[in-house]
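Here's the structure, in structure tokens; my notes come after.
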Amino acid sequence: MWNLHFLTRPALGLVVWALGALPVEAQAPAGKAQAVAIVRGFTNSDIQGTFILTQGDGKSVRVTGEVRGLPPKSTLAIHVHEWGDCRNPDASGAHFDPHKSGKHGHPHDPVGSHHAGDLPNLETDDQGVARIDFTTQAFTLDMSPTSVIGRALIIHEKADDYKSQPAGAAGGRIACGVIGWAKP
Ligand SMILES: [Cu+2]
-6 MWNLHFLTRP ALGLVVWALG ALPVEAQAPA GKAQAVAIVR GFTNSDIQGT FILTQGDGKS
54 VRVTGEVRGL PPKSTLAIHV HEWGDCRNPD ASGAHFDPHK SGKHGHPHDP VGSHHAGDLP
114 NLETDDQGVA RIDFTTQAFT LDMSPTSVIG RALIIHEKAD DYKSQPAGAA GGRIACGVIG
174 WAKP
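For reference, each letter of the sequence shown is one residue, going -6 to 177 in the working numbering.
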């Protein structure tokens, strides 16, 4: 058994202080940040998707992904909602709107003129699989107010018309996934 009695109280204090002074791991990954969202149906467990969000050069973020188990040959809305809470369809709140636009719109409209969380509709094939590859400057992957880290990707039961307020007349929420940092 080690005898630590030689450590005086001040010496022990110094050890504790030194441990506390060790560099804290950075809160955002260094280099090209990447995030991941695993999307699952609220009630339909056939709905399963994986989305990858990658910080591009400059301010843009590229969103790629694939979802299966959706209704075949359909057009379905997908948005970033403000809270990363998938406990039930309402828990994720409204569309992510860090620019305080207060307006739903088309994902290609100018940044700040509509919700940052407005994404282009998913189009499913005859197997019920949809893919997305979309680049936006409306949000970021960092620790700033425009970051989508910790927020939710939500898939709806209907298409987004990109104009009805406040959510494009997209109907109920059928699937949800929390956006988190990907392992570097
Ligand atoms: Cu939505």
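Even for Gly, the Cβ is constructed at its ideal location relative to N, Cα and C.
Computed from a predicted structure; not experimentally measured.
> Which whole-angstrom value is the C-beta distance of Val60 and Gly42, which I expect to be below 8 Å?
Replying inline: 3 Å between Cβ atoms; contact.
> Start and end of the beta strand (DSSP E) containing Thr139?
Replying inline: Counting along the chain, Thr139 sits inside no beta strand (DSSP E), nor does DSSP assign it H or E at all.
> Can you list every residue whose CB sits closer than 5 Å to some heavy atom of ligand 3, going in chain order?
Replying inline: Because ligand 3 does not appear in the structure shown, any question about it cannot be addressed here, the ligands present being ligand 1.
> How many Å lie between Pro103 and Ala30 at the Cα?
Replying inline: The alpha-carbon atoms of Pro103 and Ala30 are separated by roughly 25 Å.
>> Since Gly110 and Asp90 should fall inside the 8 Å C-beta cutoff, what is the C-beta to C-beta distance between them, to a whole number of angstroms?
In response: Yes, they are in contact, since the Cβ atoms of Gly110 and Asp90 sit about 7 Å apart, within 8 Å.
> DSSP beta-bridge partners for Trp174?
Replying inline: For Trp174, which the question treats as bridged, DSSP gives the partners Ala28.
>> According to DSSP, Glu150 sits in a beta bridge with which residue or residues?
In response: Per DSSP, none; premise fails for Glu150.
> Alpha carbon to alpha carbon, what distance is there between Gln130 and Lys52?
Replying inline: Taking the straight line joining both Cα atoms gives about 6 Å.
> Quick one: is Ser94 buried, meaning 16 or more other Cβ sit within 10 Å of its Cβ, or exposed?
Replying inline: That one is buried.
>> Please list the terminal residues of the continuous beta strand (DSSP E) segment that includes Arg124.
In response: Ala123 to Thr129 is the extent of the beta strand (DSSP E) around Arg124.
> When DSSP builds the beta bridges, which residues end up paired with Ala145?
Replying inline: DSSP output for Ala145 lists His74 and Val171 as bridge partner(s).
> Ordered along the chain, which non-local residues of its own chain (more than five positions away) have a Cβ less than 8 Å from that of Met(-6)?
Replying inline: Because the pLDDT of Met(-6) is 49, which lies under 50, any placement of that residue in the model is unreliable, and the number read from its coordinates should be weighed accordingly. Excluding sequence positions up to five before and after Met(-6), its CB lies less than 8 Å from no other CB in the same chain.
> Cα separation between Gly34 and Gly98?
Replying inline: The alpha-carbon separation between Gly34 and Gly98 amounts to approximately 25 Å.
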